[in-house]
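Chains as they are written, first to last, in numbering that gives the first Met the number 0: chain U, 0 to 136; chain F, 0 to 136; chain A, 0 to 136.
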Amino acid sequence: MDEPLNLVLFSGTDDKLNAAAVLTAGAAALGRPVNIFLQYWALEAFRAGHVDADHGLAPEAGASGAKAVADMAAAGQAPWAETLRQAKEIGAVDIEACSLSMDLLKLEPSDLDPLVDGVEGVTAFFLNAGEGQVVFI
Amino acid sequence: MDEPLNLVLFSGTDDKLNAAAVLTAGAAALGRPVNIFLQYWALEAFRAGHVDADHGLAPEAGASGAKAVADMAAAGQAPWAETLRQAKEIGAVDIEACSLSMDLLKLEPSDLDPLVDGVEGVTAFFLNAGEGQVVFI
Amino acid sequence: MDEPLNLVLFSGTDDKLNAAAVLTAGAAALGRPVNIFLQYWALEAFRAGHVDADHGLAPEAGASGAKAVADMAAAGQAPWAETLRQAKEIGAVDIEACSLSMDLLKLEPSDLDPLVDGVEGVTAFFLNAGEGQVVFI
């Protein structure tokens, strides 16, 4: 289990980002390196000053799903950005923005939250992923 | 090919659940163990008395997609829950609810369909997944 | 890194198809075989005469996301179908339609774009995937 877990984050809704953060924290707790590659709307969610905003939910959540998520937040559940910060403290979690998506969203590295460690292309992502599992979220 | 196939089911729409059931049945037919981990809206779809309800489709399906799916059902296509039941009969298919999502949806084990074998945390999921592929749906 | 990258394409919106095309091109550039399996709405997007149509975006894109994508297209970004064509020229990229989804959408092989190499079932997909990573998009 020395191979990294490699997450391509595409979606930027809070439910999918939280699912990704939970998988990251679980892998980090097991001592496994995690590489995260931010594309499209997930990258948008990692803009500086933007990670703690409301990013909505998948359409299928509906009103009852939105209420369940709001209830969990009110009960003290850590937001996904906080879960990722904690995962970075306990393990080797590297978060990179996709260079093509940086162009798409007209972002500079200084526009990104400090959670993001850098910008790279898709070939660098695959080289770092090695033989490890690749998961698209 | 002794490593399990590991599916994290996040979405609870009938098209994605059917895609997941088909992948599960295919892997089981090849003698491969399958671990399914239910999160968020997929877990909601596995509530007792709820698996055969209409869970909608991805928004992109549109009216023509919805008609195509309804036509297949009318022509006798097995629903995804039935495909999963058959996969469990022919192979080693284990379906676990994510403990965090159980809290989110305020569910107890007795609230779940008998297709679900238990409740576990994300670290248990990763330990069971081992070196096997992890697929997020 | 001799194992193939195996993509199950489910979604047929232009943002997800472009993300898939970029991953394909990156893997092909590294000399890695890529197997693509088309299900549901992704298969719909590969209908003959249909690949260059507007297939919309994920709902979360919103108006600002749609404008960003349109701006990139106006600036000369290759559409996803063109990126896939280029990936097939430089590498071993095989694109197969899922036989069940062919039935669902009432399609014949002659209804598909020449980018699609054939039709196969899910067990054939898994056998070709071997020990390689499986990614659901």
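Cβ coordinates follow ideal geometry from the N, Cα and C atoms, glycine included.
Supposed close pair residue i, residue j - CB separation, criterion 8 Å
| i | j | result |
| --- | --- | --- |
| Val-21(U) | Ala-27(U) | Contact flag wrong, Cβ pair sits at about 11 Å. |
| Ala-80(U) | Asp-51(U) | 6 Å |
| Ala-77(A) | Asp-14(A) | Their Cβ separation, rounded to whole angstroms, is 14 Å, which puts Ala-77(A) and Asp-14(A) out of contact at 8 Å. |
| Phe-36(U) | Val-7(U) | 5 Å |
| Ala-19(F) | Gln-38(A) | 11 Å between Cβ atoms; not a contact. |
| Pro-139(A) | Pro-113(U) | Nothing about residue 139(A) can be reported from this structure: the residues present for chain A run from 0 to 136 only. |
7 Å CB neighbourhood of residue i in its chain, flanking five on each side removed
| i | result |
| --- | --- |
| Ser-10(F) | Trp-40, Ala-41, Ile-136 |
| Ala-44(A) | Gly-11, Leu-16, Val-50, His-54 |
| Pro-108(U) | Val-118 |
| Gly-64(U) | Leu-56 |
| Leu-104(U) | Leu-42, Glu-43 |
| Lys-66(F) | none |
Under the three-state DSSP convention, the category residue i falls into
| i | result |
| --- | --- |
| Gly-25(A) | helix |
| Asp-110(A) | helix |
| Arg-84(U) | helix |
| Leu-103(A) | helix |
| Ile-136(U) | coil |
| Ala-73(A) | helix |
| Asp-13(U) | helix |
| Ala-91(F) | coil |
| Gly-117(A) | strand |
| Ala-57(F) | coil |
| Phe-45(U) | coil |
| Val-50(F) | coil |
Proximity of residue i and residue j at Cβ, strictly below 8 Å
| i | j | result |
| --- | --- | --- |
| Val-133(F) | Val-115(U) | no |
| Thr-12(F) | Gly-55(F) | yes |
| Pro-3(A) | Gly-131(A) | yes |
| Ala-96(U) | Leu-111(U) | yes |
| Asn-5(F) | Ala-123(F) | no |
Neighbourhood of residue i by C-beta distance below 6 Å, restricted to the same chain and skipping five residues each side
| i | result |
| --- | --- |
| Ala-86(F) | Thr-23, Ala-24, Ala-27, Val-92 |
| Leu-99(F) | none |
Cβ neighbours of residue i in the same chain (closer than 8 Å, five flanking residues each side left out)
| i | result |
| --- | --- |
| Gly-90(A) | Ala-26, Ala-27, Ala-28, Gly-30, Arg-31, Pro-32, Val-33 |
| Ala-62(A) | none |
| Ala-74(F) | none |
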